[in-house]
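Visitor: In full-length UniProt numbering, the protein residues as written are 1 to 302. Virtual Cβ for every residue (Gly too), placed ideally from N, Cα, C. Owing to the predicted nature of the structure, the values given are computational and were not obtained by experimental measurement. Sharing a structure here in C-alpha cells format.
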C-alpha cells in the first residue's frame, strides 16, 4: 500500500479515479466514474472538543445557545463525513463493517427555556461524543485515501484498454488454423482487424520494453506493466515509441499495419503474465458487437 506523507499530502487533496485514473491536486475529493464527477469538498478541521472549550461556571442563555450552535455545526460536519466515508467504502469495495460510517451522531441541544445545569452537562457530553466521532471518521478517511490511491494506480496498470478504438476480432486466443500455414497452431493473442494507419493505444500505464522487428511479428511494441504483466502489439505499420519510454493508458504507441506474417492490416495483441501468454479477453472483459472469427471470416491474421 502507498503510504501518504501527511506533511505533504493533506486530506484536502483531490483523488480522481477515472477508469483507474488517479491523480493528486488540491481542493477536495472527487471521483470520475463513467461520465459523472462526484466531488465532495475536503473535511474542515474539527471544531474544538468539549474538553478544550472555555465554559463559564454559570453560563448565560446566550452562552448556552452558542454551545448548542457549536454542537449543531459539529453534528453537520459528522453527517458530511459519514456520507463521504460510506460512498468511498462502497466505491473501493472495502468491508463496510470494518469502516462503519452508518452510526448516527448523537442528537440533542437545548430547547427553549432549558434547565441550565442539565443542559450544560448534556452539551458537554454530546460535544465530547461528536468530537470523538469526527476524529474517528477522519482517521478512517485517511486509511481509505491510501487504499483508493493504491487501487487507482493498480487499475491504471491493468491492461483493460482496447488496443484499437474500432475494428473486429478476426482471431481469438487459443488453437486455430493458421491463416497462411493452413495448419492447427496455438495463437498466443487476439487479432483486431482495423484499417491501415489506425492508432494503436497502450492498454495500460507502463514502460516500453521493446520496440522493433521480430521474426514473424514484423514491427512490435512490448510494454511492461505492474505485477509481471507485459502487453505486445504486433504487425504494426509504424512504431511511435522507444525503449525505456513511459506510456500512459490510451496513449498512441503505434499504427495498424501488416508487417511480418499477416494476411491484412490488423494488430496482434498479447498479454504476457510472468513470461506466459494468457487470454487478453480476461483483461479486456467485453466482446465487440461483431466477431468475424465467429462468422468463419478469418480474413486478417498472423
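If you check the beta carbons only, do residue 194 and residue 228 fall under 9 Å apart?
Guide: Within the chain shown, residue 194 is the residue found at index 194, counting from 1. Within the chain shown, residue 228 is the residue found at index 228, counting from 1. In this structure, residue 228 does not lie closer than 9 Å to residue 194 by Cβ.
Visitor: What residue range is occupied by the uninterrupted beta strand (DSSP E) comprising residue 256?
Guide: On the chain shown, position 256 is the one that residue 256 refers to. Residues 252 to 256.
Visitor: If you draw a straight line from the alpha carbon of residue 15 to that of residue 245, how long is it in whole angstroms?
Guide: As a working mapping, residue 15 is identified with position 15 in the chain shown. As a working mapping, residue 245 is identified with position 245 in the chain shown. Note that residue 15 scores 30 on pLDDT, short of 50, meaning its location in the model is unreliable; the coordinates nonetheless yield the value given after this. Cα-Cα distance, rounded: 26 Å.
Visitor: Within 8 Å, do at least three Cβ pairs link the segment 217 to 231 to the segment 145 to 163?
Guide: yes
Visitor: Check whether the segment 239 to 256 and the segment 141 to 153 touch, using three or more Cβ-Cβ pairs below 8 Å as the test.
Guide: Counting Cβ pairs under 8 Å, fewer than three are found: no touch.
Visitor: Taking the C-alpha atoms as reference points, what is the distance between residue 259 and residue 188?
Guide: Translated into positions along the chain shown, residue 259 becomes position 259. Translated into positions along the chain shown, residue 188 becomes position 188. One C-alpha to the other measures close to 17 Å.
Visitor: Quick test of the definition: if touching needs 3 or more C-beta pairs under 8 Å, does the segment 206 to 214 touch the segment 273 to 287?
Guide: no
Visitor: When the Cα atoms are used, what is the spatial distance from residue 151 to residue 94?
Guide: Locating residue 151 in the chain shown gives position 151, where the first residue counts as 1. Locating residue 94 in the chain shown gives position 94, where the first residue counts as 1. C-alpha separation (whole angstroms): 11 Å.
Visitor: Beta carbon of residue 269, beta carbon of residue 232: below 9 Å?
Guide: What you label residue 269 is simply residue 269 of the chain shown in a count that begins at 1. What you label residue 232 is simply residue 232 of the chain shown in a count that begins at 1. In this structure, residue 269 lies near residue 232, with their beta-carbon atoms less than 9 Å apart.
Visitor: Could you compute how far the alpha carbon of residue 275 sits from the alpha carbon of residue 254?
Guide: For this step, residue 275 is matched to residue 275 along the chain shown. For this step, residue 254 is matched to residue 254 along the chain shown. The alpha-carbon atoms of residue 275 and residue 254 are separated by roughly 23 Å.
Visitor: Within 10 angstroms of its Cβ, does residue 196 collect 16 or more other Cβ (buried), or is it exposed?
Guide: In the chain shown, the residue the question calls residue 196 occupies position 196. The residue in question, residue 196, is exposed, as its Cβ has fewer than 16 Cβ neighbours within 10 Å.
Visitor: Just to confirm, is the Cβ distance from residue 256 to residue 236 under 9 Å?
Guide: As a first step, residue 256 must be located in the chain shown, where it is residue number 256. As a first step, residue 236 must be located in the chain shown, where it is residue number 236. In this structure, residue 236 lies closer than 9 Å to residue 256 by Cβ.
Visitor: Please report the straight-line C-alpha distance between residue 75 and residue 121, rounded to a whole angstrom.
Guide: Counting from one through the chain shown, the residue named residue 75 turns up at place 75. Counting from one through the chain shown, the residue named residue 121 turns up at place 121. Spanning the two alpha carbons is a distance of roughly 17 Å.
Visitor: Would DSSP call residue 229 helix, strand or coil?
Guide: As a first step, residue 229 is located in the chain shown; it is residue number 229 there, counting from the start. Residue 229: strand per DSSP, three-state reduction.
Visitor: Return helix, strand or coil for residue 212, following the three-state DSSP convention.
Guide: Start at 1 with the first residue of the chain shown, and residue 212 comes out as number 212. Residue 212 carries a strand assignment under DSSP once its states are collapsed to helix, strand and coil.
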